[in-house]
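Take a look at the structure set out below.
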Amino acid sequence: MADTNDAGIGARIKELVAEEHRLRAHPNPTDEDLAALRAAENELDQCWDLLRQRRAKTETGGNPGDAKARSVPEVEGYLQ
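Put into C-alpha cells, the structure is as follows:
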C-alpha cells in the first residue's frame, strides 16, 4: 500500500472492490482470474484492517501513522 492515509486507503478499497466485482462477473473464470480474485480479497482485508487500526489509534489519542499493514495470515486468522 503506497498511500497510507485514510483517504488513500479508502481509495484503494474502492479500487479493490471494483476489481473484485469485475472478476466475480466472469461466467467462466480462468485460473488467473481466480488467483487475482484471491489476491484482491486478501489485499482488501488488509486495507480494512489497516483502516480500523488507524481509526482506533486516532480515537484513543494515538498516532494513526503508527498503524502497520499486517500479513495476510495474521489478518485472515482473526476470529469474527
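Numbers 1 to 80, taken from full-length UniProt numbering, label the letters of the sequence shown in order.
A virtual CB, placed ideally from N, CA and C, is assigned to each residue, including glycine.
| query | How would you write the range of the alpha helix (DSSP H) that A8 sits in, first residue to last? | reply | Against the sequence shown, residue 8 aligns to sequence position 8. Note that residue 8 is Gly in the sequence shown here, rather than Ala. Looking at the DSSP string, the run of the alpha helix (DSSP H) that includes G8 is 6–24.
Give me the Cα-Cα distance between R24 and L44, rounded to the nearest whole angstrom. On the sequence shown, position 24 is the one that residue 24 refers to. On the sequence shown, position 44 is the one that residue 44 refers to. Approximately 15 Å between the Cα atoms of the pair.
* Does the segment 52–62 touch the segment 34–44, meaning 3 or more C-beta pairs lie closer than 8 Å? -> no
(Q) Please report the straight-line C-alpha distance between P64 and N5, rounded to a whole angstrom. (A) Position 64 of the sequence shown, counted from the start, is the residue given in the question as residue 64. Position 5 of the sequence shown, counted from the start, is the residue given in the question as residue 5. One alpha carbon belongs to P64, the other to N5, and they sit about 8 Å apart.
What residue from R38, H26, K68, A40 has the CA that sits closest to L51's CA? Position 51 of the sequence shown, counting from 1, holds the residue named residue 51. Closest by alpha carbon: K68.
Open item on the list: Can you tell me where the alpha helix (DSSP H) holding N42 begins and where it ends?
Closed with: Along the sequence shown, read from residue 1 onward, the residue named residue 42 stands at position 42. Annotation: the continuous alpha helix (DSSP H) that includes N42 extends over 31–59.
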